[in-house]
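A.B. asks:
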Amino acid sequence: MNRRRFVGYVLAAPVLVTAADLHHGEPAAADLTELLDLNDIMTAAALPTSGLISVEINPDGTASFALPRAEVGQGITTSTAMLIAEELSLPLHRVRVTLADARPELLFNQLTGASNTTIATYTPIRVAAAVARHRLLEAAAALFGAPVTGLRLEDGVITDRAGRRVGIGELAATAASPKTLSVPVELAPRESFTVIGKPHSRIDARDAVTGRKKFAMDLDVAGAKPAMLCRPPTINGKVGAVANLGEVLAMPGVTDVVTVSTGVAVRAETFGQCIDAVRALRVSWRRGTVDGKSDATVLAELAAAELPLGPRPPTPVVEGRFTFHFRSNSALEPNCAIADVRGGRAEIWSGLKSPIVAKQAIAARLGLPLGNVTVHVTEGGGSFGRKLFFDAALEAAEVSQKIGKPVKLMWHRADDARQGRTHPMATSRVRVAYAGDVVLGYEQRHTSVTTDLGHGLGELFTAMAAKLPIGDAAFAQTFFQFSHTSPYRFGVHSRLLSETGKGFNTGSMRNVYSPDTTCARELIVDRLADRMGKDPYRFRLDFLRDERARAVLRQAAEAGGWGRALPAGVAQGIAFHSEYKGVSAALMEIDCRPETVNRPIRDGVGGPRVTRAVFAVDVGLVVNPRGLEAQMMGCVMDGIALALTSSLHLRDGYFLEASWDNYFYTRQWNTPPDLRIIIMPSSSERPGGAGELGVAAAMAAVACAYGRATGTMPTTFPINHGTLSFTPKPTIPPIPASPTDGGTRA
Amino acid sequence: MPEHTFRVNGKQVTVDVADDVRLLWVLRDILGITGPKYGCGINVCKACTSHLNGRAVSPCSIPVSDLEPADEVVTIEGLAATAGAELHPMQQAWLDHDVVQCGYCQPGQIMAAVALVHRVAAEGREITEADLDGLRNICRCGTYARIRAAIKAAAKNM
Ligand code: FES
Ligand code: FES
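Residue numbers (the UniProt record's numbering), protein chains in the order written: chain A, 1 to 746; chain B, 1 to 158.
(1) Given a threshold of 16 other Cβ atoms within 10 Å of its Cβ, counted over all protein chains shown, does A/Pro600 qualify as buried or as exposed?
(2) 8 angstroms is my cut-off, CB to CB: does B/Ile127 come that close to chain A?
(3) Unbroken beta strand (DSSP E) runs of length 3 or more, entirely within the region 233-258 of chain A: which are they?
(4) Throw me the rounded Cβ distance for the A/Leu136 and A/Ile168 pair, which I believe falls under 8 angstroms.
(5) How big is the Cα-Cα spacing for B/Val64 and B/Asp20?
(6) Looking at B/Cys45 and ligand 2, is the gap between the Cβ and the nearest heavy atom below 7 angstroms?
(7) Can you find a C-beta in chain B that's less than 8 angstroms from the C-beta of A/Leu67?
(8) Going straight from the alpha carbon of A/Arg593 to that of A/Gly569, what length do you get?
(9) Do the region 560-575 of chain A and the region 693-703 of chain A touch if we need at least three Cβ pairs shorter than 8 angstroms?
(10) Taking 6 angstroms as the limit between beta carbons, can you name the residues of its chain near A/Asn505, skipping five residues before and five after?
(11) Roughly how many whole angstroms lie between the Cα atoms of A/Gly639 and A/Val248?
(12) Along chain A, in chain order, which residues have C-beta atoms closer than 9 angstroms to that of B/Glu77?
(13) For the region 346-360 of chain A against the region 368-379 of chain A, do three or more pairs of beta-carbon atoms, one drawn from each stretch, fall closer than 8 angstroms, so that the two count as touching?
(14) Verify the contact flag: B/Tyr38, CB atom, against every heavy atom of ligand 1, threshold strictly below 7 angstroms.
(15) Check whether the region 429-448 of chain A and the region 492-501 of chain A touch, using three or more Cβ-Cβ pairs below 8 angstroms as the test.
(16) How would you write the range of the alpha helix (DSSP H) that A/Thr194 sits in, first residue to last?
(17) Please classify A/Lys307 as buried or exposed, where buried requires at least 16 other C-beta atoms within 10 Å of its C-beta.
(18) Taking the beta carbon of A/Tyr9 as the centre, do at least 16 other beta carbons fall within 10 Å, making it buried, or is it exposed?
(19) Quick check on B/Gln12: buried or exposed, where buried means 16 or more other Cβ atoms within 10 Å of its Cβ?
(20) Using a Cβ-Cβ cut-off of 6 angstroms (strictly less than) and excluding sequence neighbours within five positions of A/Glu657, which residues of its own chain qualify?
(21) At the level of alpha carbons, what is the spacing between B/Gly103 and A/Gly382?
(22) So is A/Ala132 in contact with chain B if we call contact Cβ pairs under 8 angstroms?
(23) Taking the CB atoms as reference points, tell me whether A/Gly743 and B/Asp29 lie closer together than 8 angstroms.
(24) Give the straight-line distance between the Cα atoms of B/Ala112 and B/Ala145, rounded to the nearest whole angstrom.
(25) I'd like to confirm something about B/Ser58: is its beta-carbon nearer than 7 angstroms to some heavy atom of ligand 1, or not?
(26) Quick one: using the 10 Å Cβ neighbour count with 16 as the cut-off for buried, is A/Glu269 buried or exposed?
(27) Select from the region 637-651 of chain A all residues with a C-beta closer than 7 angstroms to any C-beta belonging to chain B, and list them in chain order.
(28) Check whether the Cβ of B/Gln106 sits closer than 7 angstroms to any heavy atom of ligand 2, and report yes or no.
(29) Say whether chain B places a C-beta atom closer than 8 angstroms to the C-beta of A/Phe539.
(30) Any idea if A/Arg312 is buried or exposed, counting beta-carbon neighbours within 10 angstroms, 16 or more meaning buried?
(31) Helix, strand or coil for A/Gly8? Go by DSSP, reduced to three states.
(32) Would you please state the rounded distance, in angstroms, between the beta carbons of A/Ile203 and A/Leu92? I believe it to be under 8 angstroms.
(33) In the DSSP assignment, find the unbroken beta strand (DSSP E) run with A/Met228 in it and report its ends.
(34) Distance cutoff 8 angstroms, beta carbons only. Does B/Ala145 sit that close to anything in chain A?
(35) Quick check on the DSSP output: the beta strand (DSSP E) that includes A/Ser682 runs from which residue to which?
(36) Counting only the same chain and skipping the five closest in sequence on each side, list residues whose C-beta sits under 6 angstroms from that of B/Gln106.
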C-alpha cells in the first residue's frame, strides 16, 4: 500500500476550500487490535470525523485553517502552519492558523490532551493542503493552457515553462468548486521536505513580545465588566448567608453582587474594585467536600486503599514506597472566561482544551438548547492540564445568566491555588525480584486520590471501550495501563492502580501518572543496580529493550559526561522514560552542599540546585525541532519543581498555598545554568507527541541525583515538603489585599 | 470621583477613578492597555511589570493616586518607542531566541529584562549569572533558559 496516497475533498464554496477525508486512506492505525498505547486510542477515536477539517485559500494569497485544538503555549499553531506551508509550498507567514469554536460534530477530534495534537492531525492537515495544491495547479494549467506537469508552485506563485506566473490568491476563486468533489492526492515524500523538520520560530511570537497577543481577559467584549467570586474558606464549601450584600453593592465601582453555586459573585468597573468588594463581603459558609482532611489523613486513606503486592518471592527483592504530595496545576493565566448570557442565548470566550464538553455542560447548566450556546476558544496562557476543565467558563455563564449582564470573570490567584484543580496525592510501591544478574519480576502498586478525567478523555474511552483489547476494565485503570509501557527487561510485570477519596478538585498536570510512577521506578532501578554492583547507567543500558531507548540514554550520558569527577555533595542522576511513541533520557547534576542549599532567597526557596541538565529525546518525526526543544526545556523545569520544591499542603480541608510566594514553581534561581536538549534524528514517518513527555525522566533523574548526592534515597516528593517555607495567608477573606509597594519592592 | 493625571506610553492621560484602585486595573480595565498581565495581584509573580520613570515596577501594587502628572508609565506596548524603533532590542532578542511559549508572562519578562540591563549598565558592569538568578518573574511554561540567553544577547545591542 502506498502510505502517502489519500483521498481529500474540494468543498462547495466561492473560494477554494479543501478538506481531508481519511475514511479510505488511513493505513493500519484503524486496526483496533493493534492498539499500542493511549495515543493510538485517541487517534483512532478521532478518525471518523477528521475529514471535516479544511484549508481555505484566500484571494490575498494566504491560506487559512481553523485548528480544532487549543493553543496554550505548546506551539501547535506554528507546527500546524508548517504542515500547510510544506504541502502548499507557501511561506510560513502566509499561513493563518486560528482556533476553531466548539464544533460538536467533531466529537472527539477537538480535545487537546495527552500530547495528541500532532499525532492525530499530521496526516489530515497535510491531505487537505495537498488537495488545495492539486486544485491550484489544475486551475493554473487551465489558465495558461499548459499541462500540469510543466508547472511549478513555489513561494505561493505558480510558473510554467514559458515563464508565465500566477499567484495562488488570484486562483482562489477559479480553483473553487460549486459542488463537493473527492480528489485523490499523494503527499510530499519525506525526502523533499523543506519546512517540516526545520527549526521555525513561533508564528505568534511577535504579537506576544509586543503585548498584542490577546488572551481571554484582554478581549474587549461589549459590556463585559470585571467579575470575581468570594469563595469559601475550605475546598468546595457552600454559601450559607451573606450578611452585608447591600453594603457591598454600594461600594465604589460595584454594579452587582449575587450568590451563585460556587460563592458570591461581584461585578465592578475594575478588577481592583472586585478584589475590595470580595474582601468586604461577610459570608457564613457551609461545609466543604473535604473538611477536616489533611496531608496525614489522606495518606492514611491511600495506605488503606493500596492493592497488595503478590506473594513475596523466595529470591532477593528490592522494595520501596514513595509519596507524591498534592501539586497545583495552575497556569500563569488564572482560570478566566467571558460570558454573555442574555435573551435565551449564551456566548462564551475562554481558553479551552475540551470546548465541546464545555459547551454541552454550559448548555445543560443554563437550561439552553445546545444550538443557542456559542463557545469561542481563545489563546490560553498555559494549561498543564488545567484547561482541560472549564470551571471558570461554567461559572461565568452562571453569573451572567443570574445578573442578566455580560461578565469578564477571573479567579484571583489565591482562588486558583486553593480552589483550583490539583494533581492528586499518590503513593507508589515498587518491588523487584532478582537472582544474580537476572531480574525476575517487577511489581508496582500506584495508589492515588481520584483523578477527575471527566472532560472528554473519559467519554473518549467509553466510546472505544467495547473495542479495546483489554476488555471492560475501569476507565482509570485502562488509562493507567495504556499510558505505561515497560521499557526494561524485568521479567514478569504487574502494575495496578487504585484510586480513592473523592471531593478534591483534581486533574492531570503535564501528565496524569507517569512522572510519579517513573520517578518511583527509576529510584528502585538505581537501588537494584547498586545491589548487583553495577553502574546505574550501564545497568539501564543492559536492561533497556530497544535500540531507540538505548540510543537516547547513551546520548544523555555522553553529552552530560556521566561519571565525571565531582566534589562531595554534588552528584549525577540518570533516568529513562518512554511514552507517546517517544523515548527520553535525562542526566541531571545536583549540588546539595550546604552553602548552595542554604543560599538566601527572599520570598522563595533555594534548596539543592540542579547545575547541569542534559535531556535527550526521540519522538519520531519532528515537525518543528525549535518548538520541541522549547517543550522539553519546560518539561525539565517542571521535573525540577516536582522533585524539589513545589507542592500543596492540605490542612483542615484547605490548601495552605495561596500564591506564587507560597507555591514554589521553578524560578530563575532554581534553573540549571547548563541546560542542553538533544533531539535525536529519526527515521520514523510518523510524528510523536511531546507536550508532556519530558517531565517524567527529568523528575526521576533529579530524584536519582539527589539520592546519590546525599547517600539517601528520597521517598517523599517534593523533597522539601516536610518544611513549610512560608506563613499561610488567611482564608477569610479568601483573597489577600492589594499591596501598595509595587513601586518600591523590586 | 477624583481625577488622576499621568503619562502612559508618551501620552498624557486623565482617569476618573477612586484613589486606591491599583495602576494595573487603570491600565487594563479603564485605558484598555492589556499588555501588562495579572498573575497574582500581590507583587510576587511580576507578570504585570512595567516601567515607571524608567524603573521596573509592579502596577498591581501601586495605587493610582501615587502617580503625579509628570510620571511616565511605559508598558510593553510603549517599549519599542523608547528605543525609537519598531521593536526594542530586547523584543528582537526575544524573537531571535524564540523565547515565547504561551506568552502570558513575556511582556513582564521583557520589561524586567530591559530594566535589569539598564541598571547593570548604570552600575558600569556586565550582567552576571547572579543578576539573572535574581529575576523574580515567574514563567510557568519554563522558558527561563531562553530568557537568559536573550537578555545576554540584547545587552550587547542596547
Ligand atoms: S500581577 Fe503584579 S506582580 Fe503579579
Ligand atoms: S511563556 Fe507561558 S508563562 Fe511564560
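The beta carbon of each residue, even a glycine, is placed where N, CA and C say it ideally should be. These numbers were taken from a predicted model, which means no experiment stands behind them.
C.D. replies: Inspection of the coordinates gives the following:
(1) Locating residue 600 of chain A in the first sequence gives position 600, where the first residue counts as 1. The residue in question, A/Pro600, is exposed, as its Cβ has fewer than 16 Cβ neighbours within 10 Å.
(2) Residue mapping note: residue 127 of chain B aligns to position 127 of the second sequence, counting from 1. No, B/Ile127 lies away from the interface with chain A (no Cβ there is under 8 angstroms from its Cβ).
(3) List check, beta strand (DSSP E) in window: 238-242.
(4) Residue 136 of chain A sits at position 136 when you count from the first residue of the first sequence. Residue 168 of chain A sits at position 168 when you count from the first residue of the first sequence. So it is a contact: roughly 5 angstroms between Cβ atoms.
(5) Numbered from 1 along the second sequence, position 64 holds the residue referred to as residue 64 of chain B. Numbered from 1 along the second sequence, position 20 holds the residue referred to as residue 20 of chain B. Their Cα atoms are separated by approximately 6 angstroms.
(6) For this step, residue 45 of chain B is matched to residue 45 along the second sequence. Because no heavy atom of ligand 2 lies under 7 angstroms away, the Cβ of B/Cys45 does not count as near it: no.
(7) Residue numbering aside, residue 67 of chain A sits at position 67 when the first sequence is read from its first letter. No - not a single Cβ of chain B is within 8 angstroms of the one on A/Leu67.
(8) For this step, residue 593 of chain A is matched to residue 593 along the first sequence. For this step, residue 569 of chain A is matched to residue 569 along the first sequence. Take the alpha-carbon of A/Arg593 and the one of A/Gly569: they are about 5 angstroms apart.
(9) yes
(10) Here residue 505 of chain A refers to the residue found at position 505 when the first sequence is read from its first residue. Arg421, listed in sequence order.
(11) Numbered from its first residue, the first sequence carries residue 639 of chain A at position 639. Numbered from its first residue, the first sequence carries residue 248 of chain A at position 248. Answer to the nearest angstrom: the Cα atoms are 44 angstroms apart.
(12) Numbered from its first residue, the second sequence carries residue 77 of chain B at position 77. What B/Glu77 touches in chain A: Thr210, Gly211, Arg212.
(13) Yes: the two stretches touch, three or more of their Cβ pairs being nearer than 8 angstroms.
(14) For the purposes of this step, residue 38 of chain B is identified with residue 38 of the second sequence, where counting begins at 1. Yes, Cβ of B/Tyr38 sits closer than 7 angstroms to a heavy atom of ligand 1.
(15) The region 429-448 of chain A makes contact with the region 492-501 of chain A: 3 or more CB pairs, one atom from each, lie closer than 8 angstroms.
(16) Here residue 194 of chain A corresponds to residue number 194 of the first sequence, with the count starting at 1. It is not in any alpha helix (DSSP H) - A/Thr194 carries neither H nor E in the DSSP assignment.
(17) Position 307 of the first sequence, counted from the start, is the residue given in the question as residue 307 of chain A. Here the sequence assigns Leu to residue 307 of chain A, which means Lys is not the residue at that position. Flag for A/Leu307 reads exposed.
(18) Counting from 1 along the first sequence, the entry for residue 9 of chain A is found at position 9. Answer is buried; the Cβ neighbour count reaches 16.
(19) Residue 12 of chain B sits at position 12 when you count from the first residue of the second sequence. With fewer than 16 other Cβ atoms within 10 Å, it is exposed.
(20) As a first step, residue 657 of chain A is located in the first sequence; it is residue number 657 there, counting from the start. Result list for A/Glu657: Ala417, Leu648, Tyr663, in chain order.
(21) Numbered from 1 along the second sequence, position 103 holds the residue referred to as residue 103 of chain B. Numbered from 1 along the first sequence, position 382 holds the residue referred to as residue 382 of chain A. One C-alpha to the other measures close to 8 angstroms.
(22) Locating residue 132 of chain A in the first sequence gives position 132, counting from the first residue. No, its Cβ sits nowhere closer than 8 angstroms to a Cβ of chain B.
(23) Locating residue 743 of chain A in the first sequence gives position 743, where the first residue counts as 1. Locating residue 29 of chain B in the second sequence gives position 29, where the first residue counts as 1. Judged by their CB atoms, A/Gly743 and B/Asp29 are not nearer to each other than the 8 angstroms cut-off.
(24) The residue labelled residue 112 of chain B in the question sits at position 112 within the second sequence. The residue labelled residue 145 of chain B in the question sits at position 145 within the second sequence. Computed Cα separation, rounded: 15 angstroms.
(25) Numbered from 1 along the second sequence, position 58 holds the residue referred to as residue 58 of chain B. Correct: B/Ser58 has its Cβ closer than 7 angstroms to ligand 1.
(26) Here residue 269 of chain A corresponds to residue number 269 of the first sequence, with the count starting at 1. Looking at its Cβ environment, which holds 16 or more other Cβ atoms inside 10 Å, A/Glu269 is buried.
(27) Met637, Asp638
(28) In the second sequence, counting from the first residue as 1, residue 106 of chain B sits at position 106. Yes, Cβ of B/Gln106 sits closer than 7 angstroms to a heavy atom of ligand 2.
(29) What you label residue 539 of chain A is simply residue 539 of the first sequence in a count that begins at 1. Closer than 8 angstroms: no.
(30) Along the first sequence, read from residue 1 onward, the residue named residue 312 of chain A stands at position 312. Answer is exposed; the Cβ neighbour count stays below 16.
(31) Reading the first sequence from its first residue, position 8 is the one you call residue 8 of chain A. Of the three classes helix, strand and coil, the one that applies to A/Gly8 here is strand, per DSSP.
(32) Here the question's residue 203 of chain A lines up with position 203 in the first sequence. Here the question's residue 92 of chain A lines up with position 92 in the first sequence. Sure, about 7 angstroms apart at Cβ, within 8 angstroms.
(33) If you number the first sequence from 1, residue 228 of chain A lands on position 228. Its beta strand (DSSP E) spans residues 225-230.
(34) Looking up residue 145 of chain B in the second sequence gives position 145. True, the Cβ-Cβ gap to chain A drops below 8 angstroms.
(35) As a working mapping, residue 682 of chain A is identified with position 682 in the first sequence. Element bounds for A/Ser682: n/a, residue is neither H nor E.
(36) Walking along the second sequence from the start, residue 106 of chain B turns up at place 106. Val100, listed in sequence order.
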